[in-house]
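Structure first, commentary second.
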Amino acid sequence: MWEFFVNNLATIIISLLLLLVVVLIIRKMVKDRKKGRSSCGCGCKDCPSSSMCHKH
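Sequential numbering from 279 applies to the sequence shown in this note's numbering.
Set out below in C-alpha cells:
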C-alpha cells in the first residue's frame with residue numbers, strides 16, 4: 279500500500295492542489311453570487327441575459 283503512495287506521490291500532490299484550486303474558485307463564485315455580483319466581471323447593462331441573472 280505504501281509503495282503505491284510513494285510511486286505516485288507527485289501525481290497525488292498535484293491532484294490535491296488542483297482540487298483545492300477548483301474548490302476555492304467555486305467558493306468565490308458562490309460568495310459573489312450571494313452578494314449579487316455578476317460572474318462575468320463586466321456590467322450587465324447590454325447583456326441580453328441580464329434578466330436571468332439579476333431578478334429586480
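The beta-carbon is built from N, C-alpha and C at its ideal position, and this holds for glycine as well.
Quick caveat: nothing in here was measured; it's all calculated off a predicted structure.
Assignment of Ser293 by DSSP, reduced to helix, strand and coil, places it in the helix class. Taking C-beta atoms under 8 Å as the contact rule, Ile290 and Phe283 qualify, at a distance of about 7 Å. In the structure shown, Asp310 falls within a helical segment according to DSSP collapsed to helix, strand and coil. A straight-line Cα-Cα distance of about 19 Å links Ser329 and Val308. Collapsing the DSSP output to three states places Met279 in coil.
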